[in-house]
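The structure appears below as structure tokens.
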Amino acid sequence: MITTTTMRQVIAAVLEQDLEACTQALLELGVIDFIDIREIPAQWTAQLDSVPAGAEAERAGELRKRLEAYFHSAGVPLSELTKNAEVPREAPDLRKIDSALDGLETEIKQVREGQKEVQDQILQLQELQRQLPVSRDPSPAFFEQEHPYVEIFAGTLAPEKRRDFEEALSGISALHLPQKERDLDYLLCLKQDAPKMERLLRRFGWQEVSPKELEASGAWRKVRERDQELPPQEKIDEKLSDLRKKQDELKEQLQRSFEKRLELFAPMWAGLRAAELTAQVKEHYRKTEKTYIFSGWIPADKQRELTAALRGASEGRAYLEWHRPEEKEDTELARDVPVQMKNPKIFSPFQALVQNFGTPVYGSVDPTPLVALFYLMMFGLMFGDAGHGLVVLLVGLFGSRRQRRRGRKNTLFPLISWCGASAIVFGFLFGSFFGLPILKPLWFDYHAVVLGHGTAGSVRSITDILLITIYFGILVISTGLLLNWFNRLRQGDWIQLIWGNGGLLVGWLYAGGTYSAFYFVGREYRHLPPQWLLTVLLLVPALLLLLKEPLTHYMHGREGKERGKIAPFTVLMEWAVELLEIFSGYLSNTLSFMRVAGLGIAHVSLMTAFFQIADMAAGEGSYGIGSYLILLLGNALVIGLEGLSAGIQSLRLNYYEFFSKYFVGNGRAYTPISFYAGDSKESSA
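Heads up: the sequence shown begins at 15 in our numbering, then just goes up one per residue.
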């Protein structure tokens with residue numbers, strides 16, 4: 015759609031007996047962006063009373079957030095809780111839900127305590143591991159010495175007590191090193207756990223043996239010959255692995271428990287959400303003794319649907335009055351019309367880029383499709399490599415899939431996927447694959463041109479590449495001017511259409527200046543266009559710009575606005591400054607697109623440099639591991655840094671060179687109150 019969605023204002027009145035049914039219908043449809051009815055310039059609106067908000071709605075909102083927080087902490091996507099939710103017919107039992115959530119909290123707390131115990135053991139074992147010698151086979155001296163943080167126990171256990179001892183030991187962050195013949199055990203723990211370990215050893219009849227006694231009797235050498243089952247470091251790694259598995263099991267256990275209860279908690283969430291939003295809707299109602307009145311904006315294509323829903327809910331008793339935005343006499347109220355940008359879902363990343371800059375004014379051009387086209391063309395020209403584009407595309411697809419599995423909405427990874435696809439297309443146009451010119455170029459060989467041996471085709475030098483980006487810049491800026499003229503025509507703003515910033519006269523000057531510049535360069539900087547042509551192209555529109563201030567002064571007086579006196583000298587100075595701004599500004603805007611060529615040339619140059627370094631590392635022989643490692647790191651560096659730079663520069667050129675010609679971002683976004691995930695059933699995206 016070339017412009018923002020057409021909107022309609024509804025003023026509706028329903029009887030008190032139909033209030034709940036109509037409110038439910040509004041929530042189910044989810045298309046009204048409510049406004050305060052007292053903003054309507056009519057005497058009767060001042061006589062309406064507000065509808066008090068109930069305390070239960072606030073309590074319902076708190077319980078909903080609490081329920082969502084529990085599911086989030088359990089790792090269950092919120093979409094699993096909300097995807098099949100419907101507006102309930104009855105109000106939720108808040109006391110019953112509160113009690114159910116208390117039980118849920120107790121279960122979560124128990125699992126969290128178990129996870130905390132496991133995590134504490136992991137941290138203590140890691141600390142113990144840091145205190146042990148790095149070698150696989152510690153010397154006897156290690157067991158004989160005193161250590162500031164580690165306590166060592168050497169001794170024996172009765173064979174029949176070993177199994178129970180191992181089970182009891184699992185709750186302590188300690189390292190058990192039994193010997194193969196089971197006649198000697200070593201226990202290592204942190205000093206802080208030594209008292210706990212001593213109590214445990216006494217309970218199981220531990221017979222302590224001094225390491226010095228072992229060494230004196232030669233028993234230590236026998237231990238060394240038999241060796242323990244695992245070296246201490248590997249023993250700790252094994253135990254850490256078991257503890258991490260236990261952590262994962264606890265997490266999965268909690269997640270499965272929540273998933274099994276979706277049928278129980280989904281209706282609870284729906285009831286809480288409906289109660290909360292019902293209160294929000296009623297805040298916009300105003301009432302008389304028996305009638306409730308509200309107003310808001312909806313997309314024009316939803317008018318029949320809303321009419322049918324309210325008439326059905328009230329059995330035909332609802333009164334609806336419809337207004338068009340252009341009927342608004344008050345300019346401020348007309349500007350307050352909400353803006354819905356309705357584009358295909360595939361354009362959602364680019365719509366997000368537009369909305370990040372601002373919301374367009376109602377009735378103006380929705381630039382999303384053009385932003386998508388220009389952004390991808392810019393990125394492809396700067397990052398034209400089929401191999402690198404394939405990597406970027408795979409990263410985007412993987413990230414998008416991962417975000418969907420987590421139930422999250424994300425526009426960054428789809429944008430990355432689009433950029434990867436653009437790079438692949440331009441990679442085939444330029445014949446580039448992972449920095450190698452091994453593909454047959456469909457347009458021109460970028461590598462050959464940059465390296466100075468391009469001979470075929472119309473693009474043979476870096477100057478030709480720069481010229482392509484200048485032509486592209488002229489196209490983008492001209493499109494911005496055309497969109498500005500279209501917006502001004504729709505608004506009926508003739509002064510701004512002709513004399514405004516980006517108006518017809520500015521476009522005339524830009525076209526004349528561009529033609530004159532190419533004429534001058536094409537004749538080897540020796541001849542300008544004929545004098546009569548320069549007069550038509552530059553002098554006439556420049557002189558017409560002199561009329562801007564007098565005409566604006568006249569229009570202000572005609573509209574009854576306050577106006578000061580016109581000073582001829584001031585008018586001439588402002589005219590001169592404006593001409594200077596037009597010529598310097600549009601020249602710099604156009605030349606700014608040369609950065610597209612600059613990054614494209616840098617892309618090829620960097621890859622060429624990495625291949626030369628790899629050749630130097632290989633010497634006169636074939637590539638070895640070092641050369642391939644250089645190429646791998648080089649490609650990764652180029653994909654990361656060049657990809658980021660190309661994305662940022664594409665965004666910058668759209669914002670500052672394209673949007674600045676036509677975009678007025680002071681519109682108000684369309685935000686209907688809806689039961690369905692805070693948006694209408696039919697996404698505005």
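Glycine included, C-beta positions come from ideal geometry on N, C-alpha and C.
Contact defined as beta carbons within less than 8 angstroms: I believe Phe677 pairs with Pro451. What is the distance between those atoms, to the nearest angstrom? One-based indexing of the sequence shown puts residue 677 at position 663. One-based indexing of the sequence shown puts residue 451 at position 437. The C-beta distance from Phe677 to Pro451 rounds to 39 angstroms, too long to meet the 8 angstroms contact threshold.
Among Gly487, Trp546, Phe458, His541, which one has its Cα closest to the Cα of Tyr524? As a position in the sequence shown, residue 524 is number 510, starting the count at 1. It is Gly487 whose Cα lies nearest to the Cα of Tyr524.
Have a look at Tyr389 and Ser664 and give me their C-alpha separation to the nearest angstrom. Locating residue 389 in the sequence shown gives position 375, counting from the first residue. Locating residue 664 in the sequence shown gives position 650, counting from the first residue. Distance between the alpha carbons of Tyr389 and Ser664 is about 6 angstroms.
Between Ala168 and Val223, is the Cβ-Cβ spacing less than 7 angstroms? For this step, residue 168 is matched to residue 154 along the sequence shown. For this step, residue 223 is matched to residue 209 along the sequence shown. Contact flag set, yes.
Only counting runs of 3 or more residues, tell me where the beta strand (DSSP E) segments fall wholly within the segment 350–423, in order along the chain. none
Count the other C-beta atoms from every protein chain shown that fall within 10 angstroms of the C-beta of Gln242, then say buried if there are 16 or more, exposed otherwise. The count along the sequence shown starts at 1 and reaches residue 242 at position 228. Note that Gln242 scores 46 on pLDDT, short of 50, meaning its location in the model is unreliable; the coordinates nonetheless yield the value given after this. Per the 10 Å Cβ criterion, buried.
Quick check: what's the CA-CA separation for Leu655 versus Leu334? What you label residue 655 is simply residue 641 of the sequence shown in a count that begins at 1. What you label residue 334 is simply residue 320 of the sequence shown in a count that begins at 1. One C-alpha to the other measures close to 57 angstroms.
Tell me the rounded alpha-carbon separation between Ala631 and Leu643. Taking the sequence shown and counting its residues from 1, one reaches residue 631 at position 617. Taking the sequence shown and counting its residues from 1, one reaches residue 643 at position 629. Cα to Cα, the separation comes out at about 10 angstroms.
Beta-carbon proximity of Arg78 to Arg287, cut-off 7 angstroms: Stepping through the sequence shown from its first residue, residue 78 is reached at position 64. Stepping through the sequence shown from its first residue, residue 287 is reached at position 273. A contact, by the Cβ cut-off of 7 angstroms.
Continuous alpha helix (DSSP H) assignments of at least 4 residues falling wholly in the segment 480–545: 508–513, 518–536
Inter-residue Cα distance where the pair is Leu81 and Val385: Residue 81 sits at position 67 when you count from the first residue of the sequence shown. Residue 385 sits at position 371 when you count from the first residue of the sequence shown. Those two C-alpha atoms are separated by around 40 angstroms.
Assumed close pair Trp336, Val45 - CB separation to whole angstroms, cut-off 8 angstroms: Here the question's residue 336 lines up with position 322 in the sequence shown. Here the question's residue 45 lines up with position 31 in the sequence shown. Contact doesn't hold; Cβ gap of about 14 angstroms is too wide.
Could you tell me which uninterrupted alpha helix (DSSP H) segments, each at least 4 residues in length, are contained entirely in the segment 66–132, listed from first to last along the chain? 69–87, 92–96
Among Leu552, Arg177, Thr493, whose alpha-carbon lies nearest the alpha-carbon of Leu593? In the sequence shown, the residue the question calls residue 593 occupies position 579. Closest option to Leu593, Cα to Cα, is Leu552.
Supposed close pair Ile166, Leu139 - CB separation, criterion 8 angstroms: Along the sequence shown, read from residue 1 onward, the residue named residue 166 stands at position 152. Along the sequence shown, read from residue 1 onward, the residue named residue 139 stands at position 125. About 16 angstroms; that fails the 8 angstroms criterion.
Please list, in chain order, all residues of the same chain as Ser149 whose beta carbon is under 7 angstroms from its beta carbon, the five residues on each side excluded. The sequence position of residue 149 within the sequence shown is 135, counting from 1. Interpretation of Ser149 is limited by its pLDDT of 46, a score under 50 that renders its predicted location unreliable; the figure taken from the coordinates is listed afterwards. There are no such residues.
Could you give the DSSP three-state label for Thr17: helix, strand or coil? Taking the first residue of the sequence shown as 1, we reach residue 17 at position 3. In the structure shown, Thr17 adopts extended strand secondary structure according to DSSP, grouped into three states.
Use the C-beta contact count for Trp311: other C-beta atoms within 10 angstroms, 16 or more gives buried, fewer gives exposed. Residue mapping note: residue 311 aligns to position 297 of the sequence shown, counting from 1. Trp311 comes out buried.
DSSP beta-bridge partners for His190? Against the sequence shown, residue 190 aligns to sequence position 176. Partner(s): Leu201.
Nearest-angstrom Cα distance between Thr37 and Thr292? As a first step, residue 37 must be located in the sequence shown, where it is residue number 23. As a first step, residue 292 must be located in the sequence shown, where it is residue number 278. When rounded, the distance between both Cα atoms is 7 angstroms.
Can you tell me which of Ile186, Ser87, Ile482, Arg318 puts its alpha carbon nearest to the alpha carbon of Leu605? Position 591 of the sequence shown, counting from 1, holds the residue named residue 605. Among Ile186, Ser87, Ile482, Arg318, the Cα nearest to that of Leu605 is on Ile482.
Tell me Thr622's beta-bridge partners as DSSP assigns them. Residue numbering aside, residue 622 sits at position 608 when the sequence shown is read from its first letter. Per DSSP, none; premise fails for Thr622.
DSSP state of His298 mapped onto helix, strand, coil: Within the sequence shown, the letter at position 284 stands for residue 298. His298 falls in the coil class under three-state DSSP.
Leu561 to Gln417 span [Cα, whole Å]: Sequence index remark: in the sequence shown, residue 561 carries index 547 (1-based). Sequence index remark: in the sequence shown, residue 417 carries index 403 (1-based). Leu561 and Gln417: Cα-Cα distance of roughly 56 angstroms.
Applying the criterion that 16 or more other CB atoms from any shown protein chain within 10 Å of the CB defines a buried residue, is Arg196 buried or exposed? On the sequence shown, residue 196 is found 182 positions in, with the first residue counted as 1. Bear in mind that the predicted position of Arg196 carries a pLDDT of just 48, short of 50, making it unreliable; the figure below should be weighed with that in mind. It counts as exposed.
Are three or more beta carbon pairs between the segment 296–310 and the segment 27–34 nearer than 8 angstroms? yes
DSSP has Thr305 in a bridge; who is on the other side? The residue you call residue 305 lines up with position 291 of the sequence shown. Answer is Leu29.
Using the C-alpha atoms, what's the distance from Tyr460 back to Phe625? Reading the sequence shown from its first residue, position 611 is the one you call residue 625. Reading the sequence shown from its first residue, position 446 is the one you call residue 460. Going by the C-alpha atoms only, they are around 16 angstroms apart.
Would you please state the rounded distance, in angstroms, between the beta carbons of Ala172 and Gly219? I believe it to be under 8 angstroms. Residue numbering aside, residue 172 sits at position 158 when the sequence shown is read from its first letter. Residue numbering aside, residue 219 sits at position 205 when the sequence shown is read from its first letter. In this structure, Ala172 and Gly219 form a Cβ contact; the two beta carbons are roughly 6 angstroms apart against a cut-off of 8 angstroms.
Please state the DSSP three-state secondary structure of Phe167. Locating residue 167 in the sequence shown gives position 153, counting from the first residue. Note: Phe167 maps to strand in three-state DSSP.
Residue closest to Gln133, alpha-carbon to alpha-carbon, out of Pro281, Leu254, Arg502, Tyr306: Your numbering for residue 133 matches position 119 in the sequence shown. Nearest C-alpha to Gln133: Leu254.
With burial defined as no fewer than 16 other Cβ atoms inside 10 Å of the residue's Cβ, what is the status of Val535: buried or exposed? For the purposes of this step, residue 535 is taken as residue 521 along the sequence shown, with counting starting at 1. Val535 should be labelled exposed.
Could you give the distance in angstroms between the alpha-carbon of Leu244 and the alpha-carbon of Glu131? The residue labelled residue 244 in the question sits at position 230 within the sequence shown. The residue labelled residue 131 in the question sits at position 117 within the sequence shown. Because the pLDDT of Leu244 is 48, which lies under 50, any placement of that residue in the model is unreliable, and the number read from its coordinates should be weighed accordingly. One C-alpha to the other measures close to 25 angstroms.
First and last residue of the uninterrupted beta strand (DSSP E) at Tyr333: For the purposes of this step, residue 333 is taken as the residue at position 319 of the sequence shown. Per DSSP, Tyr333 belongs to the beta strand (DSSP E) from 333–337.
Look at Tyr684 and Gln354 and say whether their C-beta atoms are less than 7 angstroms apart. As a working mapping, residue 684 is identified with position 670 in the sequence shown. As a working mapping, residue 354 is identified with position 340 in the sequence shown. Inclusion of Tyr684 and Gln354 in the CB contact set at 7 angstroms is warranted, their separation being smaller than that value.
State buried or exposed for Met282, treating a residue as buried only when at least 16 other CB atoms are found within 10 Å of its CB. Along the sequence shown, one-based indexing puts residue 282 at 268. Buried, by the Cβ-count rule.
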